Amino acid sequence: MGRAPCCDKANVKKGPWSPEEDAKLKSHIDKHGTGGNWITLPQKIGLKRCGKSCRLRWLNYLRPNIKHGGFTEDEDNLICTLYITIGSRWSIIAAQLPGRTDNDIKNYWNTKLKKKLLGNRRKQQQARLPQPVAQPPLYASHENPASNSPTTNFLAMPNFCYDQILESDFNYMNGVSSDVNFPGFDGMISEGIMYGVSQPLDGLGSFSAVDMVNCEIYTLAIRRS
DNA sequence: AAACTTGCCAACCGCCCCGAG
DNA sequence: CCTCGGGGCGGTTGGCAAGTT
1 MGRAPCCDKA
11 NVKKGPWSPE
21 EDAKLKSHID
31 KHGTGGNWIT
41 LPQKIGLKRC
51 GKSCRLRWLN
61 YLRPNIKHGG
71 FTEDEDNLIC
81 TLYITIGSRW
91 SIIAAQLPGR
101 TDNDIKNYWN
111 TKLKKKLLGN
121 RRKQQQARLP
131 QPVAQPPLYA
141 SHENPASNSP
151 TTNFLAMPNF
161 CYDQILESDF
171 NYMNGVSSDV
181 NFPGFDGMIS
191 EGIMYGVSQP
201 LDGLGSFSAV
211 DMVNCEIYTL
221 AIRRS
């Protein structure tokens, strides 16, 4: 036995909302709030809609301060970073972008960003032919990497741009280029995002970076110099 | 100009979570 | 505890618009 439907499917309207329906819903919520119960709300205000449909309409369209379209480069980068980091947790991603809804971001990702990223990746792969020799790891310490330092266990981070740091809880992130030495690194710094993942309490810490060109995430252990 | 394809996005579906009883 | 049901979420669909053949 399946669970009971949330409303009488035969007697609810489906499809696009009319301006009249929008006005009814908006006016009621503006005056009284949702009343804590979406399921009974449409009956109260004489809408032949499923409660869930009302909730969706409110959250994705009628709610104040909603932004539609016109995603900025910064928003693009943040969405990509978060998607690569946490996957398709659209509600969490939306929470980082004021005025954006999870539905909007999901649509934007599926229709544009995914292609943009894959396109970048393809271009990058073509430019790399023939296949390069694997890059040596980079070291975030001034110490000799051969000295069994705990800072030697991280991946190379060939592409990131300091200008695009969006989020950081790493207390000396901004000084990373001068405080941290990357022996042997003379690669191209292009597009990417760097964000902190831990505070260096005892002098050791780590941060992560997303390489926007290759669509990859890197983790870098770091030691206060 | 018509037919077809592609892109976009609002909205629906169904599952899971979690709090109330 | 267990059950029920509303809220929340991610995946998917359907219809319209724009672009292409």
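If you count by full-length UniProt numbering, then the first sequence holds residues 1 to 225, one letter each, in order.
We put the beta carbon where it would ideally sit given N, CA and C, even for glycine.
Predicted model, so just to flag it, every value in this text is computed and none were measured.
- Within the same chain, and ignoring the five residues on either side of N60 in sequence, the residues whose Cβ sits closer than 6 Å to its Cβ are T101 and N103.
- Pairwise C-beta distances place the segment 46 to 61 in contact with the segment 24 to 38, as three or more of them are shorter than 8 Å.
- The Cβ atoms of I92 and L82 sit closer than 9 Å to each other.
- By the CB criterion at 9 Å, G51 and P42 fall inside the cutoff.
- The beta carbon of P19 is closer than 7 Å to none in its chain, skipping five residues each way along the sequence.
- Where W90 is concerned, the enclosing alpha helix (DSSP H) starts and stops at W90 to A95.
- By the beta-carbon neighbour count (other beta carbons within 10 angstroms, threshold 16), A10 is exposed.
- A distance below 7 Å between beta-carbons, with the five flanking residues on each side excluded, links C6 to the following residues of its chain, in chain order: I39, C50, G51 and K52.
- Annotated three-state conformation of P98 is coil, per DSSP.
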